[in-house]
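For reference, the structure is listed below as structure tokens.
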Ligand SMILES: C[S@@+](CC[C@H](N)C(=O)[O-])C[C@H]1O[C@@H](n2cnc3c(N)ncnc32)[C@H](O)[C@@H]1O
């Protein structure tokens with residue numbers, strides 16, 4: 047089965063790509079995710095006529111938010127996955143002023159300086175050579191425009207409150223699935239290397255207390271299955287660990303926590 051940590055690298059070749067799409071839709075309804083997204087979009091300084099791009103837009107939920115802020119402008123979503131773009135097209139039907147284009151984030155099919163603002167959200171964590179993406183985002187932004195990235199720092203991720211070695215193993219296995227697990231804390235440096243002066247840096251701690259929601263967002267069951275298959279933990283330990291997290295969640299003592307960084311740079 048596809049794991050959410052590495053599956054977004056190759057959505058279109060995953061037999062169960064709907065799992066990836068379902069997770070994006072689920073996340074979009076969670077208050078903490080909405081909070082950082084709203085802050086990130088606020089930081090773009092959009093006007094009604096802005097031209098704005100969302101790189102690696104997934105199902106396009108943020109395109110709707112951008113279109114509301116720039117109703118007379120132009121909103122473009124780029125993504126490498128044709129399956130996600132097809133689903134995005136369906137949900138954006140009737141949303142004027144929004145275009146969707148298939149593209150690798152490292153090679154955007156547009157001229158230099160055509161956007162007032164360009165953002166990316168939770169995609170640099172999956173993409174090899176994230177500096178190339180930032181350079182490309184900068185290329186397509188006009189002088190004086192804004193480039194913004196929101197990315198997690200998986201080194202901040204915690205599951206529950208225990209110092210359980212099995213949980214440490216599960217977190218290590220999950221984190222290893224990302225190409226750039228520490229990209230959130232590295233964003234400001236990445237922007238500086240790319241010649242972008244940081245004009246804003248916000249963090250949001252995502253806290254998920256419900257076990258089923260945490261499993262959906264952080265793919266805990268699949269990650270534990272992988273740990274058992276690889277012999278990193280044995281099956282009884284896996285069962286005990288899950289039972290303990292579920293029990294703690296039932297008592298209100300469970301939380302999965304993750305810090306998301308949003309860095310904004312002005313051209
Ligand atoms: C975790 S999803 C985030 C989607 C969206 N930004 C959101 O916040 O819901 C990561 C997205 O990156 C896209 N992606 C992965 N590698 C890519 C690449 N090299 N170029 C463009 N998009 C890519 C995936 O198809 C997926 O839509």
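Residue numbers (our numbering): 47 to 313. Think of the CB as a built atom: it goes at the ideal place given N, C-alpha and C, for glycine as much as any other residue.
Item: Rounded to whole angstroms, what's the CA-CA distance from residue 126 to residue 83? Just pull it up for me.; Value: 21 Å
Item: For residue 219 and residue 269, I'd like the C-alpha separation in whole angstroms.; Value: 7 Å
Item: Please state whether the Cβ-Cβ distance between residue 138 and residue 106 is less than 8 Å.; Value: yes
Item: For the segment 204 to 214 and the segment 286 to 302, state whether three or more C-beta atom pairs, one from each stretch, are separated by less than 8 Å.; Value: yes
Item: Is the segment 155 to 165 touching the segment 181 to 194 in the sense that three or more CB pairs, one from each, lie closer than 8 Å?; Value: yes
Item: Buried or exposed for residue 258, please, with buried defined as at least 16 other CB atoms from any protein chain shown within 10 angstroms of its CB.; Value: exposed
Item: With 16 as the cutoff for other CB atoms within 10 Å, does residue 62 come out buried or exposed?; Value: exposed
Item: Please list the segments of the alpha helix (DSSP H) lying wholly inside the segment 261 to 306, counting only runs of 4 or more residues, in order along the chain.; Value: 266 to 275 and 281 to 296
Item: Consult DSSP for residue 93 and reduce its assignment to one of helix, strand or coil.; Value: coil
Item: Measure the Cβ-Cβ separation of residue 181 and residue 283 and say whether it is below 8 Å.; Value: no
Item: Rounded to whole angstroms, what is the Cα-Cα separation between residue 77 and residue 263?; Value: 13 Å
Item: Of all the alpha helix (DSSP H) runs that stay within the bounds of the segment 147 to 185, which reach a length of 4 or more residues?; Value: 176 to 185
Item: Below 8 Å CB to CB, which residues in the same chain sit around residue 313 once its five sequence neighbours on both sides are set aside?; Value: 184, 187, 188, 189, 190, 191, 192, 193 and 242
Item: For residue 113, I'd like the list of residues in its chain whose CB is within less than 7 Å of its CB, leaving aside the five on either flank, ordered along the chain.; Value: 121, 141, 143 and 144
Item: Roughly how many angstroms lie between the CA atoms of residue 169 and residue 197, to the nearest whole one?; Value: 7 Å
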